[in-house]
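Protein chains in written order, with the numbering used here: chain A, 73 to 262; chain B, 723 to 1112.
Glycine is no exception: its CB is placed at the ideal position from the N, C-alpha and C atoms.
Given the structure is predicted, the values throughout are model-derived calculations rather than measurements.
Down below is the structure, laid out as structure tokens.
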Amino acid sequence: MVSTFVFKGEYKDMAHALTYDAKMFESYYDCMIFSALHGLLNNAFDDQSVSEGEDSDSSASANPAVVRSEIIVKYKREYCAFRRLIILNEKKRNLGPDERIDNAFKYDIFVDSNSSKQTAAISKYSENSKIIKGYVYGGLRILYEKYKDKLKNYTELLEAVDRHIHSFGEESGLIMVGEENVDDGDLNTL
Amino acid sequence: MCVEEWRRLKEREKVNEEAVRSYAISAVRSGLKFLKSQYFSYLYGKASEFLDELDFSGKDIPDITNETIYYLEKRGKCICGTDLTKNSECLNNLKGLLAFLPPESIGNQIRMFNNDASEQNNIMEDANKQYEYYYSSYSRQSDIQEGELSRVADLERKIVEKSPEDYQKNIDYLNARIRELRSLNQSYIGDLKRVDDELAKANEDLDQASKLDEANKPIREKMRYVEILATRASNLYEEESAKNLEEMQRTFEKVFSDMYHGKRKVWLSDKYEIILSDNRFKLDPSKGLETVVNFAFVASLLKMAKERMKKGGDVKAEPYPLVMDAVFTNTDQKHIENISRQLPLLTEQAILALMDKDWKNAKPTLEAHLGKLYRIVKKSETESVIEEVI
């Protein structure tokens, strides 16, 4: 059931700008994972059926922004954990506790494309994938908005990332930030 | 000095810029990885809070594993006795239980999920360390770059602001340095002389020491023998050279006086240079006198050689003819007669090429000694023939 993830339309340009122009991410895979988590934490969800639109240039097929299924298989463990975290924490679908549990641990089973396990067919994997994609796009949009003015200046970019790290650490209570108090953070909804 | 440093720092600018950029990119990437690990940790925490509130008691079937189901399917008979090969609904119900049994049971998966959550803290810590490393590397490289850029700006200001007085000061400094180095050079030359003296003294000591050594005696005697031989040869050469010079000087003056009818004097220097004078001043010879002088010199050499051969000394050789071309050119009639008179006395045989006008003057004196006479007849610019006259 693992399938290739394709950034389309304006999201393709944003992913390209962050990953290849500014070199913020090593690959589209990193961009995808980070964007989805960022979208979830900021309640940023874009409905792809509405927002994908058309690719902004004719060379889209020649230069696609794609996360290939073999890359996902390569990072299988992280990817499974990532999906479960999204499914368990998302409130977009207003699922009840049992449904969220079953969805995360029973139906969203990672199965590679060669498997013939029947459980894959009956899972809600593709439904979950749509939700995840919505957060990828929503997160990517706000991430791009946050950094777009700093993409060409690596000093400003690094300073912005550093502020982002500190502010999230402070808000989430994961790290002690010290005396700095930066209002630049996430956690709007969770 | 300013310019040198400025040039060196300017050359490093691009390297510094690239290093800062490279560290910044690595810091951004590792920073976002660290942030991602924070996101994971935070979401694990939230998910754990949610899971802790739930009761999973009805989700798993205790003490049965998926192996049990696979065994019953293979056996074809359920625990209750139903024939599973004939009842597909029962078989499907049994297979449906697989989702609730280890290893894929929800309870088991939640345990694994919680383990992953604990491990996430380590992942976050590692990511933090990596980010700190790149960030501090970036800061350090930025400081270096900033320091060097600031230094370049200072140097540029100094270079531009330098007044003529500054340059004069620099020239004065360099001149003083030159004087200092020259003085040092003199001192080294003095040192060198002192070392040379010490070396000579050391050689002398070595000689003394070797004299005392019996083993060196035969070599020392041979060296002494060679030294005496060399000294004798050198003395003999000098004595003979002095004698030859004296004899040549005497002969040359005599031959010249026999050939020359004017008032000028001639003599040879120690280096066999011909010197003409009027008894008071050194003079340059005319073309005609130059011919007489050269002739006298050659004739003197021939005379001395002839006399040596007669004496039967060290000189042993056959008599060779004296061959001369245009020998009387620019020479007056009287000199031609004088030279012609001397020629038969000085040489065994002479071959002379003369013009008709000179032969006319020489003929009365030389005719009696004539062996053969030829005439060169010019037919054209490119052709001449030789005719035998006598």
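Limits of the unbroken alpha helix (DSSP H) element including residue i
i         : result
B/Asp774  : 724 to 774
A/Ile144  : 141 to 146
A/Ser201  : 197 to 219
B/Tyr994  : Counting along the chain, B/Tyr994 falls outside any alpha helix (DSSP H), and DSSP gives it neither H nor E.
B/Arg901  : 886 to 934
B/Pro1007 : That residue, B/Pro1007, is in no alpha helix (DSSP H); it is neither H nor E in DSSP.
B/Ala849  : 828 to 883
A/Glu171  : 169 to 173
B/Glu1059 : 1055 to 1068
Below-7 Å beta-carbon distance, residue i vs any chain B residue
i        : result
A/Tyr226 : yes
A/Ser99  : no
A/Ser187 : The pLDDT assigned to A/Ser187 is 48, lower than 50, so where the model puts this residue is not dependable; a value taken from the coordinates is nonetheless given after this. By this cut-off, A/Ser187 is not an interface position.
A/Ser244 : yes
A/Ser130 : Unreliable placement is indicated for A/Ser130, whose pLDDT of 46 sits below 50; the coordinate value is still reported in the next sentence. It does not; no Cβ of chain B falls within 7 Å.
A/Met270 : Since the first residue shown for chain A is 73 and the last is 262, residue 270 of chain A is missing from the structure and cannot be characterised.
A/Asn161 : yes
A/Leu223 : no
A/Leu229 : yes
A/Ala153 : yes
A/Leu90  : no
A/Leu109 : yes
Secondary structure of residue i, DSSP reduced to three states
i         : result
B/Met981  : helix
B/Leu806  : coil
B/Arg986  : coil
A/Val74   : coil
A/Ala193  : With a pLDDT of 43 at A/Ala193, under the threshold of 50, the modelled position of this residue cannot be trusted; read the value that follows with caution. A/Ala193: helix per DSSP, three-state reduction.
B/Ala786  : Note that residue 786 of chain B corresponds to Ile in the displayed sequence, not to Ala. It is coil, neither helix nor strand.
A/Lys164  : coil
A/Leu223  : coil
B/Pro1041 : coil
A/Asp118  : coil
B/Thr1051 : coil
A/Asp85   : helix
7 Å Cβ cut-off: residues of chain B touching residue i
i        : result
A/His236 : Leu757
A/Val233 : Val750, Gly753, Leu754
Range of the contiguous beta strand (DSSP E) that encloses residue i
i         : result
B/Ala1072 : 1072 to 1075
A/Ser99   : No beta strand (DSSP E) contains A/Ser99, which DSSP labels as neither H nor E.
B/Arg1097 : 1096 to 1100
B/Ile1108 : 1106 to 1110
Min CB distance residue i to chain A below 7 Å
i        : result
B/Gln852 : no
B/Arg743 : yes
B/Ala849 : no
B/Ile828 : yes
B/Ala746 : yes
B/Asp785 : no
Residues that residue i contacts on chain B, provided the C-beta gap is smaller than 8 Å
i        : result
A/Gly168 : Per Cβ cutoff of 8 Å: no residues; A/Gly168 is ~11 Å from chain B at best.
A/Arg156 : Ala769, Phe835
A/Phe106 : Leu754, Leu757, Lys758, Tyr761
Amino acids of chain A, ordered along the chain, whose beta-carbon sits closer than 7 Å to that of residue i
i        : result
B/Ile832 : Phe177
B/Asp865 : The premise fails here: B/Asp865 is roughly 13 Å from chain A at the closest Cβ pair, so nothing lies under 7 Å.
B/Tyr855 : Here the premise fails: no neighbours, minimum Cβ distance about 14 Å.
B/Tyr860 : Leu230
B/Asp838 : Ala153
Chain-ordered chain A contacts of residue i [CB-CB under 9 Å]
i        : result
B/Leu776 : Pro169, Asp170, Ile173
B/Tyr895 : Here the premise fails: no neighbours, minimum Cβ distance about 42 Å.
Residues sharing a beta bridge with residue i, DSSP
i         : result
A/Phe79   : A/Ala137
B/Met1046 : B/Leu1074
B/Lys799  : B/Asp805
Under 9 Å by beta carbon: chain B residues contacting residue i
i        : result
A/Phe240 : Leu757, Gln760, Tyr761, Tyr764
A/Leu212 : Per Cβ cutoff of 9 Å: no residues; A/Leu212 is ~13 Å from chain B at best.
Heavy atom of the ligand ATP within 6 Å of residue i beta-carbon
i        : result
B/Tyr947 : Summarising the ligand content, the structure contains no ligands, and the ligand ATP is consequently not present.
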